[in-house]
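Participant: Residue numbers (the working numbering): 128 to 499. Backbone N, C-alpha and C define an ideal beta-carbon position, used for all residues, glycine too.
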Amino acid sequence: MTFRTALCDLLGIDCPIVQSGMGAIAGPELVAEVCRAGGLGVLAGLNVPPDDLRAMIRRVRELTDRPFGVNLWLHRALRPPLDPGEISDEVLGGAQGMLNRFRRNLGIPTTMARPGRAPDLVEATIRVVLDERPPVFSAALGWLEPGLAEEYRRRGIKTMAMVSTVEDARTAAAGGADVVVAQGGEAGGHRSIDGKPASPDATSVGLMALLPQVVDAVRVPVVAAGGIADGRGLVAALALGASGVLLGTRFVATRESMAPELYKKRLLESESGDTTVTDTLSGLWARALANRFTREYSASDAPVLPPLVQRAAANDVFVAALKQGDPDYYPMMAGQSVGLIRDLPGAGEVVKAVIREARAVLDALPRRVRQA
Ligand SMILES: Cc1cc2nc3c(=O)[nH]c(=O)nc-3n(C[C@H](O)[C@H](O)[C@H](O)COP(=O)(O)O)c2cc1C
Numbered sequence: 128m129t130f131r132t133a134l135c136d137l138l139g140i141d142c143p144i145v146q147s148g149m150g151a152i153a154g155p156e157l158v159a160e161v162c163r164a165g166g167l168g169v170l171a172g173l174n175v176p177p178d179d180l181r182a183m184i185r186r187v188r189e190l191t192d193r194p195f196g197v198n199l200w201l202h203r204a205l206r207p208p209l210d211p212g213e214i215s216d217e218v219l220g221g222a223q224g225m226l227n228r229f230r231r232n233l234g235i236p237t238t239m240a241r242p243g244r245a246p247d248l249v250e251a252t253i254r255v256v257l258d259e260r261p262p263v264f265s266a267a268l269g270w271l272e273p274g275l276a277e278e279y280r281r282r283g284i285k286t287m288a289m290v291s292t293v294e295d296a297r298t299a300a301a302g303g304a305d306v307v308v309a310q311g312g313e314a315g316g317h318r319s320i321d322g323k324p325a326s327p328d329a330t331s332v333g334l335m336a337l338l339p340q341v342v343d344a345v346r347v348p349v350v351a352a353g354g355i356a357d358g359r360g361l362v363a364a365l366a367l368g369a370s371g372v373l374l375g376t377r378f379v380a381t382r383e384s385m386a387p388e389l390y391k392k393r394l395l396e397s398e399s400g401d402t403t404v405t406d407t408l409s410g411l412w413a414r415a416l417a418n419r420f421t422r423e424y425s426a427s428d429a430p431v432l433p434p435l436v437q438r439a440a441a442n443d444v445f446v447a448a449l450k451q452g453d454p455d456y457y458p459m460m461a462g463q464s465v466g467l468i469r470d471l472p473g474a475g476e477v478v479k480a481v482i483r484e485a486r487a488v489l490d491a492l493p494r495r496v497r498q499a
């Protein structure tokens with residue numbers, strides 16, 4: 128199915144729909160399905176060890192010969208991972224005390240232990256991407272150092288940077304990004320910013336206001352992300368100056384996504400107002416479905432551990448919740464677009480439906496404007 132924009136020419140795809148490389152959600156099957164339908168599928172590289180990432184890239188190549196991307200988080204808290212040994216006993220005790228309430232409710236052992244340091248994966252996975260040369264590299268929560276961006280370019284890999292502020296859009300474009308993804312505050316998942324602002328406000332500007340500002344600020348194609356789940360969103364984004372759209376939450380609720388059933392089920396039942404921006408799930412600001420975990424943690428005065436150490440400390444709670452099929456203690460990243468999502472199609476069907484709807488909207492649009 129074709130519906131071409133400048134983004135399609137740049138990336139060699141047929142329609143300007145990018146599937147987000149969502150951590151633990153976007154594996155080779157989802158990616159290949161999106162690519163086969165003419166969009167850009169993006170493989171999730173977050174927390175994937177280098178050899179596994181290489182195998183996943185090769186698997187995509189077995190499944191499709193269409194262009195695809197690989198996504199990595201470049202956040203400073205991962206390069207190298209923060210050392211939990213530096214957290215004070217008081218802060219650690221406060222957080223574990225809160226998590227112990229959840230552990231008791233789930234019937235799993237309580238603990239006051241310090242989480243271990245996460246494995247240092249980012250530099251090695253950057254090298255895997257350089258070696259394997261997927262057509263596109265997509266970066267989140269940070270951008271490449273100048274030398275690395277240049278190396279990607281030399282190897283013929285197009286680069287995409289996701290940003291949530293105009294200033295970061297300028298920095299990424301000046302730093303060699305071929306495409307800038309403007310992430311509006313509606314977006315599901317983590318705010319795409321390096322570091323952690325004291326409040327999520329500065330990185331939560333709505334897409335309607337952010338997108339035209341980013342379009343004005345950079346000369347490269349801009350992709351719109353946040354709150355888009357159908358053809359109306361695509362046309363609106365094009366009207367605001369974007370060359371394409373990136374969808375996350377819509378693709379979580381597809382047959383090929385690796386999200387567990389309890390999460391997909393909750394997505395289909397949820398309204399836009401059921402999401403919240405919280406740092407309790409990972410230590411970084413992210414939009415997710417509110418549940419007992421996010422509500423009770425946020426309402427307490429318990430401290431939140433530093434970026435991603437919080438995620439590591441809570442991992443046993445999340446694993447137990449999944450085993451017990453309990454969505455109240457499981458992290459379910461989702462954007463405000465969740466209220467538009469009511470079915471569980473194949474990922475290729477999503478791409479085709481968005482294009483079909485966009486064409487219908489474009490056809491109907493002139494008739495909706497009263498001529499003088
Ligand atoms: C479950 C989930 C996981 C995500 N993980 C990532 C990720 O690993 N890397 C990334 O670049 N963006 C990630 N995102 C954010 C998306 O790239 C994008 O900004 C967002 O999904 C757009 O808003 P939408 O969810 O309303 O479509 C994730 C989003 C969701 C919903």
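Any idea what DSSP makes of residue 323, helix, strand or coil?
Facilitator: For this step, residue 323 is matched to residue 196 along the sequence shown. Reduced to three states, the DSSP call for residue 323 is coil.
Participant: If you measure from the CB of residue 147, is any heavy atom of ligand 1 nearer than 6 Å?
Facilitator: The count along the sequence shown starts at 1 and reaches residue 147 at position 20. Yes.
Participant: Is there at least one non-hydrogen atom of ligand 1 closer than 6 Å to the beta-carbon of residue 287?
Facilitator: Numbered from its first residue, the sequence shown carries residue 287 at position 160. Residue 287 Cβ: outside cutoff for every heavy atom of ligand 1.
Participant: Determine whether the Cβ of residue 457 lies closer than 7 Å to any Cβ atom of chain D.
Facilitator: This model lacks chain D altogether, as it is built from one protein chain only.
Participant: Please confirm whether any heavy atom of ligand 1 lies closer than 6 Å to the CB of residue 409.
Facilitator: Numbered from its first residue, the sequence shown carries residue 409 at position 282. Residue 409: no, Cβ never under 6 Å from ligand 1.
Participant: Give, in chain order, every unbroken run of the alpha helix (DSSP H) that is at least 4 residues long and sits entirely within the region 189-266.
Facilitator: Listed in chain order, they are 216-233 and 249-259.
Participant: Can you have a look at residue 346 and say buried or exposed, based on whether 16 or more other CB atoms are within 10 angstroms of its CB?
Facilitator: The sequence position of residue 346 within the sequence shown is 219, counting from 1. The residue in question, residue 346, is exposed, as its Cβ has fewer than 16 Cβ neighbours within 10 Å.
Participant: In whole angstroms, what is the alpha-carbon distance linking residue 225 and residue 442?
Facilitator: Your numbering for residue 225 matches position 98 in the sequence shown. Your numbering for residue 442 matches position 315 in the sequence shown. Their backbone Cα atoms lie some 14 Å apart in a straight line.
Participant: Between the alpha carbons of residue 296 and residue 238, how many angstroms are there, rounded?
Facilitator: One-based indexing of the sequence shown puts residue 296 at position 169. One-based indexing of the sequence shown puts residue 238 at position 111. Between residue 296 and residue 238, the C-alpha separation is close to 42 Å.
Participant: In this structure, how does DSSP classify residue 175 when only helix, strand and coil are distinguished?
Facilitator: Numbered from 1 along the sequence shown, position 48 holds the residue referred to as residue 175. In this structure, residue 175 counts as coil in the three-state DSSP scheme.
Participant: Using only the heavy atoms of ligand 1, determine whether one of them is closer than 6 Å to the beta carbon of residue 379.
Facilitator: Mapped onto the sequence shown, residue 379 falls at position 252. True, at least one ligand heavy atom lies under 6 Å from that Cβ.
Participant: In angstroms, rounded to a whole number, what distance separates the CA positions of residue 339 and residue 292?
Facilitator: The residue labelled residue 339 in the question sits at position 212 within the sequence shown. The residue labelled residue 292 in the question sits at position 165 within the sequence shown. Residue 339 and residue 292: Cα-Cα distance of roughly 12 Å.
Participant: Output the residue ranges of the beta strand (DSSP E) runs that lie fully inside the region 262-345 and measure 3 residues or longer, sorted by chain position.
Facilitator: Qualifying beta strand (DSSP E) stretches, in chain order: 263-267, 285-290 and 306-310.
Participant: Give me the residue from 323, 310 and 173 with the minimum Cα distance to residue 500.
Facilitator: Nothing about residue 500 can be reported from this structure: the residues present for the chain run from 128 to 499 only.
Participant: So, with DSSP's three-state summary, where would you put residue 421?
Facilitator: Within the sequence shown, residue 421 is the residue found at index 294, counting from 1. DSSP places residue 421 in helix when its eight states are reduced to three.
Participant: Taking 6 Å as the cut-off, is the CB of residue 460 close to at least one heavy atom of ligand 1?
Facilitator: Position 333 of the sequence shown, counted from the first residue, corresponds to residue 460. Yes.
Participant: Cα separation between residue 398 and residue 258?
Facilitator: One-based indexing of the sequence shown puts residue 398 at position 271. One-based indexing of the sequence shown puts residue 258 at position 131. Cα-Cα distance, rounded: 42 Å.
Participant: Would the C-beta of residue 376 count as close to ligand 1, meaning under 6 Å from any of its heavy atoms?
Facilitator: Numbered from 1 along the sequence shown, position 249 holds the residue referred to as residue 376. Answer for residue 376: yes, Cβ within range of ligand 1.
Participant: Quick one: what does DSSP say residue 469 is sitting in, helix, strand or coil?
Facilitator: Within the sequence shown, the letter at position 342 stands for residue 469. Three-state DSSP puts residue 469 in coil, outside helix and strand.
Participant: Residues bridged to residue 158 by DSSP?
Facilitator: Indexing the sequence shown from 1 puts residue 158 at position 31. Residue 158 is not bridged to any residue.
Participant: For residue 496, is the classification buried or exposed, using 16 other Cβ atoms within 10 angstroms of its Cβ as the cut-off for buried?
Facilitator: Translated into positions along the sequence shown, residue 496 becomes position 369. Exposed, since its Cβ has fewer than 16 Cβ neighbours within 10 Å.
Participant: For the region 139-156 and the region 461-471, state whether three or more C-beta atom pairs, one from each stretch, are separated by less than 8 Å.
Facilitator: No, because fewer than three Cβ pairs between the region 139-156 and the region 461-471 fall closer than 8 Å, the two stretches do not touch.
Participant: Any heavy atom of ligand 2 closer than 6 Å to the CB of residue 150?
Facilitator: As for ligand 2, it is missing from this structure, which binds only ligand 1.
Participant: Closest to residue 426 by C-alpha separation, out of 433, 403 and 203, would be which residue?
Facilitator: Locating residue 426 in the sequence shown gives position 299, where the first residue counts as 1. Closest option to residue 426, Cα to Cα, is 403.
Participant: Touching or not, the region 465-478 and the region 257-276, by the rule of three or more beta carbon pairs under 8 Å?
Facilitator: With the cut-off at 8 Å, the region 465-478 and the region 257-276 do not touch.
Participant: For the alpha helix (DSSP H) that contains residue 145, what are its first and last residues?
Facilitator: Here residue 145 is taken as the residue at index 18 of the sequence shown, counted from 1. Taken as a continuous stretch (DSSP letters only), residue 145 belongs to no alpha helix (DSSP H), being part of the beta strand (DSSP E) at 144-146.
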